[in-house]
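Undergrad: Could you have a look at this structure, given as structure tokens, before my questions?
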Amino acid sequence: MNSRPPTLDEVAQRAGVSTGTVSRVINNAKHVSKKSREAVERAIAELGYVPNKTARSLATQQRGAIALAISSDDPALFANQFFAEVITGVNAIVEETDLELMLVLAASERGRARFARILRSRSADGVMLLALKENDPLSIMAEQSGVPVVHGGRSLDRTPQWYVDADNRGGARLATEHLLSLGRTRIGTITGELNTHAGVARYLGFREALALSGLSDERVAHGDFSEASGMAGMKTLLDDHPDLDAVFVASDAMAAGALGVLRDHGRAVPEDVAVVGFNDIVTARYTQPALTTVHQPIEALGREMTRMLLRLINNEQVTSLILPTELVVRDSA
């Protein structure tokens, strides 16, 4: 028999839950599933854990947590409107609970090590993953941990069990079909990162629309969703295809960069070159000219990811979601 009383951490380890969950069971808090509550009660009985007044006081202050892990270590990430809107959506749902939100940038070796510690210590009751690349180690780490995992988007190499995504392929097809409806026939694209599902899906949607119209899809430049890569991609397209009359750009940030290059090269938009972006971030309304783009519900993506994770934590049935996209016509096309 142990010479010392068991700790809260030992109860959590025996029950296979976080210490926050143990705390909430002790204090009869909400947001604890029947399965987790029973596991904690069983662990308490097996270990003979008896919380004293001090332990109860500490436990009362201890709240459960969920983690949002982003496969990026770019300091500029927080200036990226896409991620800012996703986090806003996530936080809106978290604020309705007694859970804490942990944000982890986990693309670097140090970030991945921190994420591994969170999983290993069960500091989080569940995890959301965002911006995964092909063969991203975060997905494997999270799924092997045994904690509930929801993906924001899908991976190229495998479809996760639970995810929330937007109809990237259909949205790109809509954008390209709109350019075709304007009578444009020399249409190019600036792709996003092609080691991401979103990047590939948007490229495929562009190609499908052109193939159905019998037009060439050879006017292609590659970007990484950033404004700088949109500038570089637009310069490449103008150099290689000076007869270009339209371009579908796989993100609004890249499209903003492309508009600047077209302006510098004396190409009027949309008269000479029509431009369509993707995402419908706030700045799309204020570019010169205002950007025609594909709207995806970014805040809703964050909210639905969080709702799905909370249902998984509570052992409820969930179904993966693909959110619809729609074309928003402004002045650029």
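Each residue of the sequence shown is one higher than the one before, starting from 1 at the first, in the UniProt record's numbering. Don't be surprised by glycine CBs; every beta carbon is placed ideally from N, CA and C. Note that this is a predicted model, so its numbers are computed, not measured.
(1) Tell me whether residue 130 sits in a helix, a strand or coil according to DSSP, three-state version.
(2) For residue 307 and residue 159, I'd like the C-alpha separation in whole angstroms.
(3) Take residue 313 as the anchor and find which of 17, 207, 85 and 7 has the nearest alpha-carbon.
(4) For the alpha helix (DSSP H) containing residue 293, name the first residue and the last one.
(5) Could you check what DSSP says for residue 39 in three-state terms: helix, strand or coil?
(6) Are three or more beta carbon pairs between the region 177 to 190 and the region 136 to 150 nearer than 8 angstroms?
(7) Could you check if residue 34 is buried or exposed, using at least 16 other CB atoms within 10 Å of its CB as the buried criterion?
(8) Assuming residue 190 contacts residue 258 under a Cβ cut-off of 8 angstroms, what Cβ separation, rounded to an integer in Å, is found between them?
(9) Return the CA-CA distance between residue 264 and residue 289, expressed in angstroms with no decimal places.
(10) What did DSSP end up calling residue 87 once you bin it into helix, strand or coil?
(11) Output the distance between the C-alpha atoms of residue 54 and residue 66, rounded to the nearest integer angstrom.
(12) Contact between the region 313 to 327 and the region 151 to 168 is defined here as three or more beta-carbon pairs at a separation below 8 angstroms; is this criterion met?
(13) Residue 191 bridges to which residues according to DSSP?
(14) Look at the alpha carbon of residue 297 and the alpha carbon of residue 47, and state the distance between them as a whole number of angstroms.
(15) At the level of alpha carbons, what is the spacing between residue 267 and residue 242?
(16) Candidates 196, 205, 294 and 274: which alpha carbon is nearest residue 282's?
(17) Ignore the nearest five residues each way along the sequence and tell me which others in residue 21's own chain have a CB closer than 8 angstroms to its CB.
(18) When the distance is taken between beta carbons, is residue 309 closer than 8 angstroms to residue 339?
(19) Compare the beta carbon distance of residue 197 and residue 155 with 8 angstroms and say whether it is the shorter of the two.
(20) Alpha carbon to alpha carbon, what distance is there between residue 253 and residue 230?
(21) What residue does the beta strand (DSSP E) around residue 203 start on, and which one ends it?
(22) From which residue to which residue does the alpha helix (DSSP H) around residue 279 run?
(23) Thinking C-beta only, is residue 250 closer than 8 angstroms to residue 333?
(24) Quick one: is residue 316 buried, meaning 16 or more other Cβ sit within 10 Å of its Cβ, or exposed?
(25) Given this structure, state the Cα-to-Cα distance separating residue 284 from residue 115, to the nearest angstrom.
(26) Can you give me the Cβ contacts of residue 224 inside the same chain, cut-off strictly under 8 angstroms, excluding the 5 residues immediately before and after it?
(27) Please report the straight-line C-alpha distance between residue 6 and residue 19, rounded to a whole angstrom.
(28) If you run the structure through DSSP and keep just helix, strand and coil, what is residue 9?
(29) When the Cα atoms are used, what is the spatial distance from residue 201 to residue 262?
(30) Our contact map puts residue 79 next to residue 106 with C-beta atoms below 8 angstroms; I'd like the distance itself, whole angstroms only.
(31) Which stretch, first to last residue, makes up the beta strand (DSSP E) that contains residue 165?
(32) DSSP three-state call for residue 61: helix, strand or coil?
TA: From the atom records:
(1) strand
(2) Straight-line Cα distance between these residues: approximately 20 angstroms.
(3) 17
(4) It is not in any alpha helix (DSSP H) - residue 293 instead sits in the beta strand (DSSP E) that spans 292 to 295.
(5) helix
(6) no
(7) Exposed, because fewer than 16 other Cβ atoms sit within 10 Å of the Cβ of residue 34.
(8) 6 angstroms
(9) Near 14 angstroms, if we compare the C-alpha coordinates of residue 289 and residue 264.
(10) helix
(11) At residue 54, the pLDDT of 38 sits below 50, so the modelled position is not reliable; the number obtained from the coordinates is stated separately. Going by the C-alpha atoms only, they are around 26 angstroms apart.
(12) yes
(13) 222
(14) 48 angstroms
(15) 10 angstroms
(16) 294
(17) 12, 15, 32, 36, 40, 64 and 125
(18) In the structure displayed, the chain extends from 1 to 333; residue 339 sits before or after that span and is not available.
(19) yes
(20) 7 angstroms
(21) Taken as a continuous stretch (DSSP letters only), residue 203 belongs to no beta strand (DSSP E), being part of the alpha helix (DSSP H) at 197 to 213.
(22) Per DSSP, residue 279 belongs to no alpha helix (DSSP H); it is in the beta strand (DSSP E), 274 to 279.
(23) Against a cut-off of 8 angstroms, the Cβ pair of residue 250 and residue 333 comes out as no contact.
(24) Exposed, because fewer than 16 other Cβ atoms sit within 10 Å of the Cβ of residue 316.
(25) Their Cα atoms are separated by approximately 34 angstroms.
(26) 192 and 193
(27) Cα-Cα distance, rounded: 13 angstroms.
(28) helix
(29) 26 angstroms
(30) That belief does not hold up - the Cβ atoms of residue 79 and residue 106 are roughly 19 angstroms apart, past 8 angstroms.
(31) 163 to 166
(32) Residue placement at residue 61 is flagged as unreliable, the pLDDT there being 45, under the threshold of 50; the coordinate-derived value follows with that caveat. Helix.
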